[in-house]
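Each remark here refers to the structure printed beneath this line.
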Amino acid sequence: MDYKQILSACEERKHLISMVSIEGILQIGYDLGMNENTTVLDLCCGNGEMLKLWSEAFGIRGTGIDQEQAFIETGKARVNTELVTLICGDVLTFDTLEKFDIVTCTELTTGVFDSFEKGIAFLEHFVKQNGTLVFGSLYLKKENPPHELIEFDGEMPTLAELWKTVKRLGYHFTSMATSTDAEWERYILSDAKAAIKHLRQKPDDEFAAWDDKWYRIYFEQRRAYEGWGLFAAVKV
Ligand SMILES: C[S@@+](CC[C@H](N)C(=O)[O-])C[C@H]1O[C@@H](n2cnc3c(N)ncnc32)[C@H](O)[C@@H]1O
-9 MDYKQILSAC EERKHLISMV SIEGILQIGY DLGMNENTTV LDLCCGNGEM
41 LKLWSEAFGI RGTGIDQEQA FIETGKARVN TELVTLICGD VLTFDTLEKF
91 DIVTCTELTT GVFDSFEKGI AFLEHFVKQN GTLVFGSLYL KKENPPHELI
141 EFDGEMPTLA ELWKTVKRLG YHFTSMATST DAEWERYILS DAKAAIKHLR
191 QKPDDEFAAW DDKWYRIYFE QRRAYEGWGL FAAVKV
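To convert, note that position 107 of the sequence shown is 97 in this note's numbering; the numbers rise steadily by one, no gaps.
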């Protein structure tokens, strides 16, 4: 077994703030035919990990925007290539005359945009004609979710409803990578060490109540009902 490869994958995963696997991100890059001529814009890029992987694997040129200075700094320290530019800023005020082959955003259903449709329209502004949108979305794995889950995460489409919406907007899926339990486990536990430190100092404050809710909703509801996926789509 190649332990070095496994540990290197653990390090890459640590910098992803979503429930997609590295294999899924690379599969999408492969399916989209990414190469050294491909340009990618990543809106809400976090640490810029998707751009880093696509750049290292396929040689793409990428630009990433995120409002968290700490994520951008971490990303800049990790992305060891001039092919990837990471910018700190609000995507909603970002603009450029450049059009990209691929525009990606993991935040289509997390409240950054007023609606899924408005999010897609926002991404369209930056994509070349016949280019590809790659978006992240939560989805329901089964119908009739608990009311508390909808209060926690908002209304979510089933995969079939998501496909219908994408089709109604004139798009066809070209690639997708949906979450596994392992990716959710990584995401849910990513701040556990900091949480334990806090709980040891202040076991009964507002954070303790939030920590309790975060894990209870995951184990009781999210694990059974909620999926997350990265979807690539082109206009027909
Ligand atoms: C769940 S993380 C995903 C990060 C990254 N796409 C990934 O998959 O690792 C969501 C990111 O969206 C960023 N974000 C949210 N609203 C934003 C905005 N209006 N402008 C820029 N970044 C924003 C947050 O700072 C955070 O890094």
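C-beta atoms are modelled at their ideal positions from N, C-alpha and C, and glycine is treated no differently. Predicted, not measured: the structure shown is a model, and the values here were computed from it.
Taking residue i and residue j to be in contact with their CB atoms under 8 Å, please state how far apart those CB atoms are, rounded to whole angstroms.
i	j	result
Ile110	Leu159	6 Å
Ile15	Ala167	7 Å
Ile50	Leu73	7 Å
Ala184	Asp201	The Cβ separation is near 10 Å, so there is no contact.
So if DSSP puts residue i in a beta bridge, which residue, or which two residues, is it bridged to?
i	result
Met166	Phe221
Thr100	Looking at the DSSP assignment, Thr100 forms no beta bridge with any residue, so it has no partner.
Ile92	Val30, Thr122
Ser127	Gly219
Asp56	Cys78
Val117	Phe90
Do residue j and residue i come within 9 Å of each other at the CB atom, strictly closer than that value?
i	j	result
Tyr177	Met40	no
Asp32	Gly52	yes
Glu249	Pro136	In the structure as shown, the chain begins at -9 and stops at 226. Residue 249 is therefore absent and cannot be evaluated.
Gly36	Ile18	no
Trp204	Glu173	no
Asp171	Arg206	no
Lys118	Lys89	yes
Gly121	Val224	yes
Leu165	Lys4	Correcting the residue identity first, residue 165 is Ser in this sequence and not Leu. Contact: no.
Enumerate in chain order the residues of its own chain whose CB-to-CB distance from residue i is below 7 Å, with the five nearest sequence positions on each side excluded.
i	result
Phe106	Leu98, Thr99, Thr155
Tyr215	Leu130, Lys131, Lys132, Pro135, Leu139
Asp80	Gln57
When every heavy atom of ligand 2 is checked, does at least one fall within less than 8 Å of the C-beta of residue i?
i	result
Phe61	With respect to ligand 2, the structure shown offers nothing to examine, as its ligands consist of ligand 1.
Between which residues of its own chain and residue i is the CB-CB distance below 8 Å, once the five residues before and five after are set aside?
i	result
Pro193	none
Quiz item: With contact counted as at least three CB pairs below 8 Å, one residue from each stretch, are the segment 124 to 144 and the segment 92 to 104 in contact?
Solution: yes
Quiz prompt | Inter-stretch contact (C-beta, 8 Å, three-pair minimum) for the segment 58 to 67 and the segment 21 to 28 | solution = no
Exercise. Flag this pair as touching only if the segment 65 to 77 and the segment 34 to 48 have three or more C-beta atom pairs under 8 Å; answer yes or no.
Key: yes
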